[in-house]
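Protein sequence lines correspond, in order, to chains A and B. Each residue of the first sequence is one higher than the one before, starting from 369 at the first, in this note's numbering. Each residue of the second sequence is one higher than the one before, starting from 158 at the first, in this note's numbering. For every residue, glycine included, the Cβ atom is placed at its ideal position computed from N, Cα and C. Structure record follows, encoded as structure tokens.
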Amino acid sequence: MVERIKQFGQWILRHQWPVFIITVMIVATTLTSISLWLYQVGGAVKLDLSRPGYEKVRDDVKGSSDNTKPFSPTGTLDNTALIDFRSRYETITTRLDQMNNYDNTVMSDENLGLAIGPTVTEPIE
Amino acid sequence: MKKFSLVIIAIVVAGSFASAHVLGMPDVTTISVNCPAAQSILNQIQKADTGSRINRGHDYNEMLDLMFAMNARLSVNKIAAPALTSLALQFEQNLQKFRNDYNNYDDIIASALDIKCTNRPIDFYNKLEMVRAARDLLRQDTVILSQNIDNYYTEFNLVIEEAGRW
């Protein structure tokens, strides 16, 4: 067993360059596979706008374009801080109120063009 | 006992066939003819919903950070507000539920788009019903999150009033 390990070690020393390349490829493949798995399992794939077909949606997404500092968790709670907090709160809630709230009207049979013709009114026996 | 078991099995099987069609479902021919256009519209809805989800997620995260920052600041200023802490945690939990429900909704709508609907119109319509249910769940989540935000603000104003601040 020890002899075999020594022979293997000598073989590696004689073929250092190919072994290095193969090892690097195995490590890269493994890490890439883990990354892709996390990408799928974590749900990031569902929010990836770089996928084909999402070009128009990219323009609708509002990035973190405002460079205002986050509300500080420390410091005095004076009128300035309260006004700042209320202003930020109002800004966010106004934005949320204007957004799509996943109303099902867009998915009605009429909207999808499925409402033409007779409908099934009783279970089929 | 065997006869009784066979009767039970027969009832269950008959029931499963009876429920294969959703009540109020359009005519199968109508679905089969119009479903490619319906899938195209669903595809557009899915993409629009993705953008909306990203924007909502960004604003919800910002709101959560604001809540945590305010709670910390109240603590630094020695103002007790356990209700605000509880409300912020409740918002965080509901936000996580919204994220999970969106992932589920996206999976279901993707499976509805994968169905060869001209060959399987009933399966497509059944899947469409599932999409609607999942989307309605998302709508409910946004309503709850909105209520959480309102409750936090109401409680915040009470705390500030009691603390003698403006």
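What distance in whole Å lies between the Cβ atoms of residue j and residue i, which are believed to be in contact at a cut-off of 8 Å?
i, j, result
"Asn191/B", "Leu482/A", "6 Å"
"Leu231/B", "Leu241/B", "7 Å"
"Glu266/B", "Gln203/B", "The sequence as given places Ile at residue 266/B; Glu does not occur at that position. Indeed, because the Cβ distance is near 5 Å, the residues count as touching under 8 Å."
"Arg289/B", "Asn472/A", "5 Å"
"Phe411/A", "Asn276/B", "Sequence check: residue 411/A is Gly here, not Phe. Gly411/A to Asn276/B, Cβ: 31 Å. No contact."
"Leu445/A", "Asn234/B", "4 Å"
On a Cα-Cα basis, can you pick out the residue from the options that is closest to residue i?
i, options, result
"Glu249/B", "Arg277/B, Gly181/B and Tyr217/B", "Tyr217/B"
"Arg292/B", "Phe225/B, Leu315/B and Phe255/B", "Phe255/B"
"Asp428/A", "Ser209/B, Phe313/B and Ala290/B", "Ser209/B"
"Asn302/B", "Leu246/B, Ala205/B, Ala226/B and Thr187/B", "For the record, residue 302/B in the displayed sequence is Leu; it is not Asn. When only C-alpha atoms are compared, the closest one is Leu246/B."
"Lys437/A", "Glu219/B, Ala229/B and Ile236/B", "Glu219/B"
"Asp465/A", "Asp307/B, Ile272/B, Glu319/B and Met224/B", "Asp307/B"
"Glu423/A", "His215/B, Arg213/B, Ala205/B and Asn212/B", "Ala205/B"
"Arg456/A", "Ala194/B, Leu223/B, Ser243/B and Asp263/B", "Leu223/B"
"Leu221/B", "Val425/A, Lys430/A and Pro441/A", "Pro441/A"
"Asp477/A", "Leu285/B, Thr275/B and Thr311/B", "Leu285/B"
"Tyr458/A", "Thr311/B, Ala229/B, Asp280/B and Gly321/B", "At residue 458/A the sequence reads Glu, which differs from the Tyr that was named. Nearest C-alpha to Glu458/A: Thr311/B."
"Ile317/B", "Val474/A, Arg463/A, Met475/A and Asn447/A", "Asn447/A"
"Lys430/A", "Leu450/A, Ile460/A and Ile390/A", "Ile460/A"
Which stretch, first to last residue, makes up the alpha helix (DSSP H) that contains residue i?
i, result
"Gly534/A", "A question about residue 534/A goes unanswered here, because the residues of chain A that appear run from 369 up to 493."
"Gln196/B", "Val185 to Val233"
"Ile301/B", "Pro278 to Glu319"
"Asp427/A", "Glu423 to Asp428"
"Asn261/B", "Pro239 to Asp271"
"Met504/A", "Past the boundaries of the shown model lies residue 504/A; chain A is included only from 369 to 493, so the question cannot be answered."
"Asn479/A", "Asp477 to Leu480"
Buried or exposed for residue i, going by 16 or more other Cβ atoms inside 10 Å?
i, result
"Ser176/B", "Residue placement at Ser176/B cannot be trusted, given a pLDDT of 43 that sits under 50; what the coordinates show is reported in the next sentence. Classification for Ser176/B: exposed."
"Ala269/B", "buried"
"Gln196/B", "buried"
"Ala238/B", "buried"
"Ile211/B", "buried"
"Pro420/A", "exposed"
"Met369/A", "exposed"
"Asp264/B", "exposed"
"Thr207/B", "buried"
"Phe388/A", "exposed"
"Leu404/A", "exposed"
"Asp381/A", "According to the sequence shown, residue 381/A is Leu rather than Asp. The residue is exposed, with fewer than 16 neighbouring Cβ atoms inside 10 Å."
"Val395/A", "exposed"
"Met393/A", "exposed"
"Val425/A", "buried"
Please list, in chain order, all residues of the same chain as residue i whose beta carbon is under 6 Å from its beta carbon, the five residues on each side excluded.
i, result
"Asn479/A", "none"
"Leu294/B", "Asp258"
"Val413/A", "Tyr407"
Which residues in the same chain have their Cβ closer than 7 Å to the Cβ of residue i, if we skip the five residues on either side of it in sequence?
i, result
"Pro278/B", "Val185, Ile188, Ser189 and Cys192"
"Met182/B", "Tyr282"
"Leu236/B", "A small correction: the amino acid at residue 236/B is Ile; Leu does not occupy that position in the sequence shown. Correct list, in chain order: Val316 and Ala320."
Excluding five sequence neighbours on each side, which residues of the same chain lie with their C-beta closer than 8 Å to the C-beta of residue i?
i, result
"Thr309/B", "Correcting the residue type first, residue 309/B is Tyr in the shown sequence and not Thr. Hits under 8 Å: Met224, Leu241, Leu244, Ala245 and Phe248."
"Met227/B", "Leu241 and Phe313"
"Phe453/A", "Phe439"
"Thr299/B", "Arg213 and Phe255"
Counting only beta-carbon atoms, is residue i nearer than 8 Å to chain E?
i, result
"Lys254/B", "Considering every chain present, this structure includes no chain E. Its protein chains are A and B."
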